[in-house]
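So the sequence lines, in the order shown, correspond to chains A and B. Note that my numbering has the first sequence beginning at 1, numbered continuously upward. Note that my numbering has the second sequence beginning at 1001, numbered continuously upward.
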Amino acid sequence: MRRVVITGAGTLNPLGEDVSASFAAMQAGHCAIGPLTCRDVERLSVQIGAEVRGFDPEAHFARNTLTLLDRFSQFALVSARQAMGQAGLDLSADAALRAGVILGTAGGGNTTVDDNYRTVYEEGKNRVHPFVVPRLMHNAATSHLAMEFGLKGPSFTVSTACASANHAMGQAAQLIRGGVADIMLTGGSEAMLCFGGIKAWEGLRVMSRDTCRPFSKDRSGMVQGEGAAVFVFEELDHARARGAEILAEVAGFGMSSDAGDIVMPDLDGPVRAMRAALADAGLAPQDIGYVNAHGTGTAANDRVEARALRAVLGDHLDRVPVSSTKSMHGHLIGATSAVELLAGVMALRDGIIAPTVNFTEADPEIALDPVPNTAREARVDAVMSNAFAFGGLNAVLILKRYT
Amino acid sequence: MGLDIRQEMDVVAERVIAIIAEQAMLEPEDITQDSQLAELGIDSLGVVECIFGIEEAFGITVPFNANTPDQPGFDISSVGAIIAEVEKLVARRAA
């Protein structure tokens, strides 16, 4: 079977403007959650989030390009440039036909939608900028990546709420395995920290007003973040033939649908997704050395996820660290599992487990080791990264050390 | 009165050229009445953005359809032609 490896990684997220800065922040247990700065923030009841701060789009894009780029496309492009730079790919015309892009996003060009609804509804104007549609469409970031790097193979965007990036990366891996492509740029991007984007989440009453403390007994909900992470997935022989540095192997992918409730988490769906990923990777539960949890910090998710992990890993759960890096970078919604996969790469390559910060007190209903507050050294050979979306759509990726 | 309109028309030309120059990332003095948008490096998306800029600047609605750019509704064959069309629309708005 064709194997899939990661040969490049890039990110722009609340923890850092590249992979090494993000690793350093995770190792330091830095929490990037702070006061929101969006327009009309005083009308929001939730006024905290994990923003990408200090990002200057004009330092990365020419002005005439920038008019076509929603913030989520900007994040994706900046991340992809880093990933492609690390991979060092120099694609021939033929190779470009077998290279594509699959990104996940939940909100797409949400900021563009927000800005232009203001224009027509609040300001009462009858004219909008001509590029509203090419900016707001969910596939904008995917298309800009394909255009920038000349990738002409299978390319599309996946939108499955909080599991978008995992679904995207799983699809990318399967296309390579199935022989449809040799190289895929994949990951996720999200930029929903605008008034309308936050106000919509407020409505669900699942957001914390202080901070994100997954698995902690006093957890008070999720906190939104923004940003992107993009990886170069490559067929193993292709990567070896050109002497590429291999960061990790994409070993398994599992999906399931709860077919239950539109927002309440389910036990059976996540269990089936995790088992499917293990089976796909040809691994046993005891092979998993670290779990990056979905861990949103809501009362319901964390309780149900802990039970699902117990069902899948059994007694091994007593020995495996399980952390939620959302406590540091927030919930990047459709991009979150891409940024979280970085924690998996860090565990495999650097032997450091990212912590769950803001943790104050164990919850008797959550019997797992959340790596509270402080990063930990551990030799890890395989990691599992969970994403369980609203709508009951679950996607689980397993990475392993490439040997 | 006539003088006022004359001056307003000069302003129209100046502002249209400024909008086109910005789109082409050129200086206004690099643009002449005979310049064509394509030779200034303005592609079809750029044309639409120019039209938007003109509408915003003058508070007019330009009858431009990207599917039929050659139709006589709004002549974009040269910078001079565009200025003439905008002048007509501005005069109609003022009337």
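A virtual CB, placed ideally from N, CA and C, is assigned to each residue, including glycine.
For residue 127 of chain A, the closest Cβ of chain B is nearer than 7 Å. Within the region 87–120 of chain A, no residue places its CB atom closer than 9 Å to a CB of chain B. At least one CB of chain B lies nearer than 7 Å to the CB of residue 130 of chain A. Taking 9 Å as the Cβ-Cβ cut-off, the region 59–74 of chain A approaches chain B at 62, 63, 64, 67, 68, given in chain order. Separation of residue 29 of chain A and residue 125 of chain A (C-alpha to C-alpha, rounded to the nearest whole angstrom) is 46 Å.
Pairing residue 88 of chain A with residue 19 of chain A, the inter-Cα distance amounts to about 16 Å. Residue 4 of chain A is bridged by DSSP to A/235, A/250. Burial state of residue 1023 of chain B is buried, judged by a 10 Å Cβ sphere holding 16 or more other Cβ atoms. By the C-beta density criterion, residue 150 of chain A is exposed, having fewer than 16 other C-beta atoms within 10 angstroms. Residue 1058 of chain B does not reach chain A, its nearest Cβ partner there being about 12 Å away, counting only Cβ pairs nearer than 9 Å. Distance from residue 68 of chain A to residue 2 of chain A at the Cβ level is roughly 35 Å; contact not present, criterion being Cβ atoms closer than 8 Å. Annotation: residue 1086 of chain B has no Cβ neighbours in chain A at a cutoff of 9 Å; minimum Cβ distance is about 16 Å. Residues of chain A with a Cβ closer than 7 Å to the Cβ of residue 1048 of chain B are, in chain order, 130. Closest by C-alpha distance to residue 111 of chain A, out of A/137, A/127, A/101, is A/137. With a cut-off of 8 Å on Cβ pairs, the region 355–367 of chain A is not in contact with the region 40–60 of chain A, counting fewer than three such pairs. Between residue 11 of chain A and residue 339 of chain A a beta carbon distance of about 6 Å is seen, short of the 8 Å cut, so the two are scored as contacting.
Under a 10 Å Cβ-count criterion, residue 35 of chain A is classified as exposed, with fewer than 16 other Cβ atoms of the shown protein chains found around its own Cβ.
Taken in chain order, the complete alpha helix (DSSP H) segments of 4 or more residues contained in the region 52–112 of chain A are 63–66, 71–87, 93–97. Excluding its 5 nearest sequence neighbours in each direction, residue 298 of chain A has C-beta neighbours in its own chain below 6 Å: 206, 221, 222, listed in chain order. In the structure shown, residue 160 of chain A adopts coil according to DSSP, grouped into three states. Residue 177 of chain A is positioned such that its CB atom lies closer than 7 Å to that of residue 4 of chain A. If you draw a straight line from the Cα of residue 377 of chain A to the Cα of residue 83 of chain A, it comes to about 26 Å. Within its own chain, the residues whose Cβ lies closer than 8 Å to the Cβ of residue 58 of chain A, once the five positions on either side in sequence are excluded, are 66, listed in chain order.
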